[in-house]
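One structure below.
In full-length UniProt numbering, the protein residues as written are 1 to 110.
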């Protein structure tokens with residue numbers, strides 16, 4: 001199961017860090033295999049990894065939580081948006097935008 005989430009508050013982010021965050025304090029997207037495939041094919045994850053020095057990949061957990069990196073991530077996601085992946089990408093862009101608004105983070109549990 002591939003999950004991308006953003007904590008709704010700074011306290012939720014702290015709780016997520018110790019694996020104690022209730023679902024009610026998270027906004028999340030669970031990607032099915034087809035959505036994950038479209039995300040991979042978009043090249044967005046590779047671009048995020050290269051640009052930000054992250055390792056978002058199978059069997060890896062990764063976080064993006066500073067404002068500069070979150071802003072760059074939303075730019076990358078928007079640049080990789082296509083009609084074929086728009087549904088999946090929009091969900092992730094919305095999470096990223098929420099993370100910027102709440103000054104929290106975007107967490108990938110792959």
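Quick reminder that beta carbons are idealized off the backbone N, C-alpha and C, glycines included.
DSSP places residue 18 outside any beta strand (DSSP E), giving it a letter other than H or E.
Here residue 103 has 10 and 67 as same chain residues with Cβ atoms under 8 Å from its own Cβ, once five neighbours each way along the sequence are excluded. For residue 94, the enclosing alpha helix (DSSP H) covers residues 86 to 102.
Restricted to the region 27 to 68, the alpha helix (DSSP H) segments that are unbroken, complete and at least 4 residues in length are 33 to 42 and 44 to 52, listed in chain order. Straight-line measurement puts the Cα of residue 12 at about 30 Å from the Cα of residue 42. In the structure shown, residue 73 adopts helical secondary structure according to DSSP, grouped into three states. Across the structure, residue 33 and residue 73 are spaced so that their CA atoms are roughly 22 Å apart.
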